[in-house]
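Numbering (our numbering), first residue to last: 163 to 335.
Even glycine gets a Cβ: it sits at the ideal position worked out from N, Cα and C.
Treat the numbers as computed from the prediction; the structure is a model and nothing was measured.
Right, one structure below, let's go through it.
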Amino acid sequence: MGKVRVPNPWLLVSLGNPLRSDDGVGPHVVARLRPKLGASVEYLESGGDILHLLTHWKNRWVCLVDAVVSNQHPVGDIIAIDGLRNTLAPSLCNTSSHGFGLSEALSLGKLIGSLPERLDIFAINSENLAKGECLSPKVASAVIQAEQVILAHLSLNSGDRNARNESHQKPDR
Numbered sequence: 163m164g165k166v167r168v169p170n171p172w173l174l175v176s177l178g179n180p181l182r183s184d185d186g187v188g189p190h191v192v193a194r195l196r197p198k199l200g201a202s203v204e205y206l207e208s209g210g211d212i213l214h215l216l217t218h219w220k221n222r223w224v225c226l227v228d229a230v231v232s233n234q235h236p237v238g239d240i241i242a243i244d245g246l247r248n249t250l251a252p253s254l255c256n257t258s259s260h261g262f263g264l265s266e267a268l269s270l271g272k273l274i275g276s277l278p279e280r281l282d283i284f285a286i287n288s289e290n291l292a293k294g295e296c297l298s299p300k301v302a303s304a305v306i307q308a309e310q311v312i313l314a315h316l317s318l319n320s321g322d323r324n325a326r327n328e329s330h331q332k333p334d335r
């Protein structure tokens, strides 16, 4: 399969620590996407405090991949969220090992005028955030599915940002 062409301005962000089992699912997904997307998107990896996102995502289209723990979804579910239109439930934001949560980063970004133009979040529901390098079986199975979902999403939503309209597909939650 050749590279998928995705015009800028997409910034693909992986959150998570690969040394904390399922918390590393974001980096695993992005590692699978890199050979297919190549230089057609920009990449940002964050294994810790995500405050530095504020300097990278301003006025950008951002696709963010992270692990979450939610009792409302089966382990391995991929939860698509429009991060700017929807309030992020604490159960989807405060369970990772990151020092500062995504919800707080969004609140601070709004306060200081440093938000992305678009923020599409793909969260993989996880079960094991303990120390270790292996993903749990259900989360490992979700990596390939997340890769395909995100490839399709980026390809479908790769139009000129000046010509963008509401017909573009966005995450629904």
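Beta-carbon proximity of Leu226 to Ile274, cut-off 7 Å
Indexing the sequence shown from 1 puts residue 226 at position 64. Indexing the sequence shown from 1 puts residue 274 at position 112. No. Outside cutoff.
Quick one: grab the DSSP three-state call for Glu266.
Here residue 266 refers to the residue found at position 104 when the sequence shown is read from its first residue. Helix.
Reducing DSSP to helix, strand and coil, say where Arg280 ends up.
Locating residue 280 in the sequence shown gives position 118, counting from the first residue. In the structure shown, Arg280 sits in a strand (DSSP, three-state: E or B).
Spell out a yes or no on whether the stretch 230–238 and the stretch 194–201 are touching, meaning 3 or more CB-CB pairs, one atom from each, closer than 8 Å.
no
Please name the residue in Ser265, Gly245 and Gly178 whose C-alpha comes closest to that of Ala292.
What you label residue 292 is simply residue 130 of the sequence shown in a count that begins at 1. Closest option to Ala292, Cα to Cα, is Gly178.
Would you report the Cα separation of Leu206 and Thr249, rounded to the nearest angstrom?
The residue given as residue 206 occupies position 44 in the sequence shown. The residue given as residue 249 occupies position 87 in the sequence shown. Cα to Cα, the separation comes out at about 23 Å.
Residues in the same chain with beta-carbon distance under 7 Å from Cys296, minus the five sequence neighbours each way, listed in chain order, please.
Position 134 of the sequence shown, counted from the start, is the residue given in the question as residue 296. Ser183, listed in sequence order.
Here's the rule: buried if 16 or more other CB atoms are within 10 angstroms of the residue's CB, otherwise exposed. What is Ile306?
Residue mapping note: residue 306 aligns to position 144 of the sequence shown, counting from 1. Its Cβ having fewer than 16 others within 10 Å, Ile306 is exposed.
By DSSP, does Asp184 sit in helix, in strand, or in coil?
Mapped onto the sequence shown, residue 184 falls at position 22. Residue state, collapsed to three classes: helix.
Does the beta-carbon of Ala308 have 16 or more other beta-carbons within 10 angstroms, so that it is buried, or is it exposed?
Here residue 308 corresponds to residue number 146 of the sequence shown, with the count starting at 1. Under this definition Ala308 is a buried residue.
State the DSSP-derived secondary structure class of Thr257, mapped to helix, strand or coil.
Position 95 of the sequence shown, counted from the first residue, corresponds to residue 257. Any reading at Thr257 must be qualified, since the residue scores a pLDDT of 44, below 50, and its modelled position is unreliable; the value itself is stated next. Coil, per DSSP.
Are Ser320 and Val301 touching if we call contact CB-CB under 7 Å?
Translated into the one-based positions of the sequence shown, residue 320 becomes position 158. Translated into the one-based positions of the sequence shown, residue 301 becomes position 139. No, the Cβ-Cβ distance between Ser320 and Val301 is not below 7 Å.
Distance, Ala285 Cα to Gly245 Cα
Taking the first residue of the sequence shown as position 1, residue 245 is located at position 83. Taking the first residue of the sequence shown as position 1, residue 285 is located at position 123. Computed Cα separation, rounded: 11 Å.
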